[in-house]
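Which chain is which? The protein sequence lines are F and B, in order. The end of the first sequence is residue 334 by my numbering, with every number in the run present. The end of the second sequence is residue 1334 by my numbering, with every number in the run present. Ideal Cβ placement from N, Cα and C applies to all residues, glycine included.
Protein chains: 2
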Amino acid sequence: MAVTMNDVARAAGVSLKTVSNVLNDYEFIRPSTKQRVHDAIAELGYEANLTARSLRSGKTRMLGLVLSDLSAPYYAELASRLMTVASRRGYRVLVEQSGGAADNELTALQGPFRQLTDGLLFTPLAMDADAVAARRGSKPVVLLGEHILDPRFDVVTMKNEEAAEAVTAHLLAGGRRRIAVMGAHAEESAGSPGLRLKGYRKALDEAGIVFDPALVAPCGWRRDGGASAVAGLLDSGVPFDAVFGLNDTLALGAMHELLIRGVSVPQDVAVAGFDDIAEARFASPSLTTVSPGMDEIAERSVGLLIDRIEGLKPEDDGVHVEAGFVLTVRESAP
Amino acid sequence: MAVTMNDVARAAGVSLKTVSNVLNDYEFIRPSTKQRVHDAIAELGYEANLTARSLRSGKTRMLGLVLSDLSAPYYAELASRLMTVASRRGYRVLVEQSGGAADNELTALQGPFRQLTDGLLFTPLAMDADAVAARRGSKPVVLLGEHILDPRFDVVTMKNEEAAEAVTAHLLAGGRRRIAVMGAHAEESAGSPGLRLKGYRKALDEAGIVFDPALVAPCGWRRDGGASAVAGLLDSGVPFDAVFGLNDTLALGAMHELLIRGVSVPQDVAVAGFDDIAEARFASPSLTTVSPGMDEIAERSVGLLIDRIEGLKPEDDGVHVEAGFVLTVRESAP
DNA sequence: CTGAAAGCGCTTACAG
DNA sequence: CTGAAAGCGCTTACAG
């Protein structure tokens, strides 16, 4: 079988505990002892059994990441960064796809997934704050991307409202007056869609433009959603001179549909998105959008979660982090 | 503390072993006993401790997935599907990003990552077949996406050569004669780049067109790689009337650069890619590409790996699966 | 600084 | 069909 700590202890002529101490960087070990243990480890090719360690210590050194769909570019890019940051602190990331469904989110929050992980990075799309609070369990949870202003939670998010306002203000500054919004209901108030819509309305107010609900098109936050939504708007005959997609993929879907129908971008209709996924810069025309500080979100959320896990952060009220954003102007809305 | 099997056994008035038998669907248990155990489990809210189970059984019910970068659209889409398929058979997927670097691939193959997983889905980008064979360890490994025709390995891949040939033949059929290839060296023979280049050359041969190494531009398989490569080609003055990007992201980067420079697609230069990522359909113009059967790859690779893990497949020679492909013609190369 | 013992919560042979 | 015991390989108190 595999080499165990016992084998190492025997080879080094010390007790099991001493080997464990060496492996766990316990301070007070005689250098010569330490050396003998390290020699034995090298000689035998010993590797610690992580499962046994987990069983005894109750820690897995894995972080759970719950998101709707890893194939969505924003989540793929975020997951990749989170993994990189976590690995620098010696943690792995285990991903669970919820599909944005409440029952899957609940399972991820309460089921065996929690056992496998020391803490959770959770993007709640279907569950609300109270539901999460009631089922959060005892291990640390950091909410991601949602702006739940709730002292019960650690939240790392982006400036949804301010960034959406900046995008809208930019479109207005470019002379657009009929800005269609895709990806929300006209009365939406919760979650990212609600906050971004609020930013949009705020910019309109600032400019003294009356909000027109006919310009708000609900749709899924994916390419096909944006394409259908813009098609519906064109077919309905509602005039518009700009499209603000509440995320980049749907903005790109909308732009595709516009171009197919012979609407030129940005001459006839300007298009802007939200997220600055890698694709935005290389779209044709390239997409004006907002970079919501993904690196900062990754860095801060993983850092905060691990600090909680390791007890480095006092268990006070929830910490709220809002990453900075940058408006990135490109060809689709100069 | 948490409820254990012991608590359940006591509550149900049976031994530990009987509870274990019930949990593991052992056949010969009296229905009444089974019922009592299930009642006790429900009453106490018992959940099996997965770590303890792993330590004793030596199985984690996790599959490892090693790929270069989860933020690359092809890998993101693949990972998402692999997770979905695995979860249907009761397995989770733990992802490790290698960045395409040999040392990271080696670590993933030999390090603690292997302990955490019962088997590996491995995309070798830097390591060759012999290196992998020498370090594969004792647990099952299924190679993904690479066409290593080696009986030592289970391999699930795509028809790299045939698909690339089909793309090239399509461009030729459209009247293109100077087809630039991006993403390989002119003498490349290994891995996906080599095979796709081979397919390209084969199609040229069929059409009686002489291979021109000046049309082959090496570059990274990302958007910026494709953009730089096409820029280099344009600057060099080498004439070409089509671009075949060896994957979609680089083809899209190339297309972006062409359009920026006022080269119209497909009128002046046709563009085709490889992978059919979600973005290809919504690009402007939409991208002609080849769908390499990702669903089939996900289904077959996970199925094969789990069969190996569970001993359902005799340990004979490596199984080789080549998923079917579909040429998807769109606006960029009609 | 180091040791001997206990135990994390399961599954695995081995009995009966 | 079910039970009592052993043990997977570590870490954790507890001693000294």
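task: Would you grab the beta carbon distance between F:Asp248 and F:Leu287 for me? Rounded to a whole angstrom, and I think it's under 8 Å.
output: Looking up residue 248 of chain F in the first sequence gives position 248. Looking up residue 287 of chain F in the first sequence gives position 287. Beta-carbon to beta-carbon, F:Asp248 and F:Leu287 are separated by about 6 Å, close enough to satisfy the 8 Å threshold.
task: Taking 8 Å as the threshold, find out whether the segment 57-73 of chain F comes into contact with the segment 117-137 of chain F through three or more Cβ pairs.
output: Contact between the segment 57-73 of chain F and the segment 117-137 of chain F is present, with at least three C-beta pairs closer than 8 Å.
- prompt: What does B:Leu1016 reach in chain F if we use C-beta pairs closer than 9 Å?
  reply: In the second sequence, counting from the first residue as 1, residue 1016 of chain B sits at position 16. Those within 9 Å of B:Leu1016 in chain F number zero; the least Cβ separation is about 17 Å.
Assigned exposure category for B:Val1265 - 16 Cβ within 10 Å defines buried: Sequence index remark: in the second sequence, residue 1265 of chain B carries index 265 (1-based). B:Val1265 comes out buried.
query: What are the boundary residues of the beta strand (DSSP E) that includes F:Ser335?
result: Outside the shown range of chain F, which is 1 to 334, sits residue 335 of chain F, and nothing can be said about it.
- prompt: Can you list the residues of chain B that F:Pro73 reaches, using a CB-CB cut of under 9 Å?
  reply: Translated into positions along the first sequence, residue 73 of chain F becomes position 73. What F:Pro73 touches in chain B: Ser1071, Pro1073, Ala1076, Ala1278 and Glu1279.
- prompt: Mind pulling the chain F residues with CB within less than 7 Å of B:Gly1253?
  reply: For this step, residue 1253 of chain B is matched to residue 253 along the second sequence. Below the 7 Å Cβ cutoff, chain F contributes Phe282 as neighbours of B:Gly1253, in chain order.
- request: Just tell me which of F:Ala270, F:Leu44, F:Ile148 and F:Gly111 has its CA closest to the CA of F:Leu125.
  value: Taking the first sequence and counting its residues from 1, the one referred to as residue 125 of chain F is at position 125. Sorting F:Ala270, F:Leu44, F:Ile148 and F:Gly111 by C-alpha distance to the C-alpha of F:Leu125 places F:Ile148 at the top.
message: When you compare the CB of F:Met127 with every CB in chain B, is at least one pair closer than 8 Å?
response: Taking the first sequence and counting its residues from 1, one reaches residue 127 of chain F at position 127. F:Met127 has a beta carbon lying at 8 Å or more from every beta carbon in chain B.
message: Let me check understanding here. Comparing Cα to Cα, which of F:Thr123, F:Pro239, F:Leu109 and F:Glu96 lies closest to F:Arg136?
response: As a first step, residue 136 of chain F is located in the first sequence; it is residue number 136 there, counting from the start. Considering only alpha carbons, the answer is F:Leu109.
task: Go ahead and label F:Ser192 buried or exposed: buried means 16 or more other beta carbons lie within 10 angstroms of its beta carbon, across all protein chains shown.
output: Here the question's residue 192 of chain F lines up with position 192 in the first sequence. By the neighbour-count criterion, in which a residue is buried when 16 or more other Cβ atoms sit within 10 angstroms of its Cβ, F:Ser192 is buried.
task: Go through the segment 47-74 of chain F residue by residue and report every complete run of the alpha helix (DSSP H) that reaches 4 residues or more, in order.
output: Whole alpha helix (DSSP H) segments, 4+ residues: 50-57.
message: Under 8 Å, with one C-beta from each stretch per pair, do the segment 1018-1031 of chain B and the segment 305-321 of chain F reach the 3-pair mark?
response: Counting Cβ pairs under 8 Å, fewer than three are found: no touch.
message: Can you pull the chain B neighbours of F:Glu296, defined as C-beta to C-beta under 9 Å?
response: In the first sequence, residue 296 of chain F corresponds to position 296, counting from 1. Within chain B, no residue comes near F:Glu296; the closest Cβ sits about 17 Å away, beyond 9 Å.
task: Tell whether a beta-carbon distance below 8 Å holds between F:Glu146 and F:Ile277.
output: If you number the first sequence from 1, residue 146 of chain F lands on position 146. If you number the first sequence from 1, residue 277 of chain F lands on position 277. No, Cβ-Cβ distance for F:Glu146 and F:Ile277 is not below 8 Å.
task: Give a yes or no on contact between the segment 1127-1136 of chain B and the segment 1241-1257 of chain B, applying the rule of three or more CB pairs nearer than 8 Å.
output: No: fewer than three Cβ pairs fall under 8 Å.
- prompt: How big is the Cα-Cα spacing for B:Val1230 and B:Gly1183?
  reply: For the purposes of this step, residue 1230 of chain B is taken as the residue at position 230 of the second sequence. For the purposes of this step, residue 1183 of chain B is taken as the residue at position 183 of the second sequence. Spanning the alpha carbons of B:Val1230 and B:Gly1183 requires a straight line of approximately 11 Å.
query: Given a threshold of 16 other Cβ atoms within 10 Å of its Cβ, counted over all protein chains shown, does B:Lys1159 qualify as buried or as exposed?
result: Sequence index remark: in the second sequence, residue 1159 of chain B carries index 159 (1-based). B:Lys1159 counts as buried, since no fewer than 16 other beta carbons sit within 10 angstroms of its beta carbon.
- request: Under the assumption that F:Met83 contacts B:Gln1035 (Cβ atoms under 8 Å), give the Cβ distance between them as a whole number of angstroms.
  value: Position 83 of the first sequence, counted from the first residue, corresponds to residue 83 of chain F. Position 35 of the second sequence, counted from the first residue, corresponds to residue 1035 of chain B. About 44 Å; that fails the 8 Å criterion.
- prompt: At what residue ranges does the segment 1101-1182 of chain B contain a whole run of the beta strand (DSSP E), taking only runs of 3 or more?
  reply: List check, beta strand (DSSP E) in window: 1119-1122, 1141-1144, 1154-1158 and 1179-1182.
query: Where F:Ala185 and F:Gly194 are concerned, what is the direct C-alpha to C-alpha distance, given to the nearest angstrom?
result: Position 185 of the first sequence, counted from the start, is the residue given in the question as residue 185 of chain F. Position 194 of the first sequence, counted from the start, is the residue given in the question as residue 194 of chain F. Rather than Ala, the amino acid found at residue 185 of chain F in this sequence is His. Distance between the alpha carbons of F:His185 and F:Gly194: 8 Å.
- request: Flag this pair as yes or no: are the beta carbons of F:Val156 and F:Val142 separated by less than 8 Å?
  value: Numbered from its first residue, the first sequence carries residue 156 of chain F at position 156. Numbered from its first residue, the first sequence carries residue 142 of chain F at position 142. Cβ atoms of F:Val156 and F:Val142: closer than 8 Å.
message: For the alpha helix (DSSP H) containing B:Arg1300, name the first residue and the last one.
response: Reading the second sequence from its first residue, position 300 is the one you call residue 1300 of chain B. Where B:Arg1300 is concerned, the enclosing alpha helix (DSSP H) stretches over Met1294 to Ile1309.
message: Can you confirm whether B:Thr1157, when its beta carbon is compared against all beta carbons of chain F, has any partner nearer than 8 Å?
response: Against the second sequence, residue 1157 of chain B aligns to sequence position 157. Interface with chain F (8 Å Cβ-Cβ cutoff): B:Thr1157 is excluded.
message: For F:Ile41 and F:Glu188, I'd like the C-alpha separation in whole angstroms.
response: In the first sequence, residue 41 of chain F corresponds to position 41, counting from 1. In the first sequence, residue 188 of chain F corresponds to position 188, counting from 1. Answer to the nearest angstrom: the Cα atoms are 60 Å apart.
task: Mark F:Pro334 as exposed unless 16 or more other C-beta atoms lie within 10 angstroms of its C-beta, in which case mark it buried.
output: Indexing the first sequence from 1 puts residue 334 of chain F at position 334. It is exposed - the Cβ of F:Pro334 has fewer than 16 other Cβ atoms within 10 Å.
- prompt: Using Cβ-Cβ distances below 8 Å, what residues of the segment 1082-1094 of chain B are close to chain F?
  reply: Listed in sequence order: Met1083, Thr1084, Arg1092, Val1093 and Leu1094.
- prompt: Taking the C-alpha atoms as reference points, what is the distance between B:Val1210 and F:Ala203?
  reply: One-based indexing of the second sequence puts residue 1210 of chain B at position 210. One-based indexing of the first sequence puts residue 203 of chain F at position 203. Straight-line measurement puts the Cα of F:Ala203 at about 60 Å from the Cα of B:Val1210.
Opposing strand residues paired with F:Val3 [DSSP bridges]: Taking the first residue of the first sequence as position 1, residue 3 of chain F is located at position 3. For F:Val3, no pairing in a beta bridge is given by DSSP.
Interface flag, F:Gln97 vs chain B, CB-CB below 8 Å: The sequence position of residue 97 of chain F within the first sequence is 97, counting from 1. Yes, its Cβ sits closer than 8 Å to a Cβ of chain B.
message: Pairs of beta-carbons, one from the segment 217-228 of chain F and one from the segment 249-265 of chain F, closer than 8 Å: are there three or more?
response: Because the criterion of three Cβ pairs below 8 Å is met, the segment 217-228 of chain F and the segment 249-265 of chain F touch.
task: Have a look at F:Ala283, F:Glu47 and F:Val95 and flag the residue whose alpha-carbon is nearest the alpha-carbon of F:Ser80.
output: Looking up residue 80 of chain F in the first sequence gives position 80. With distances taken between Cα atoms, F:Ser80 lies closest to F:Val95.
field: Interface partners of F:Arg196 on chain B, CB under 7 Å
entry: The sequence position of residue 196 of chain F within the first sequence is 196, counting from 1. Here the premise fails: no neighbours, minimum Cβ distance about 21 Å.
- request: Output, in chain order, the set of chain F residues within a Cβ distance shorter than 9 Å of B:Glu1047.
  value: Mapped onto the second sequence, residue 1047 of chain B falls at position 47. Those are Gly111, Pro112 and Gln115, listed as they occur along chain F.
- prompt: Whose C-beta lies closer than 7 Å to the C-beta of F:Arg176 among residues of the same chain, with five residues either side of it excluded?
  reply: Within the first sequence, numbered from 1, the residue matching residue 176 of chain F stands at position 176. For F:Arg176, the CB contacts under 7 Å within the same chain, skipping 5 residues up- and downstream, are Asp241, Ala242 and Ala270 in chain order.
field: Endpoints, alpha helix (DSSP H) assigned at F:Val14
entry: As a working mapping, residue 14 of chain F is identified with position 14 in the first sequence. First-last for F:Val14: undefined, no H or E at that position.
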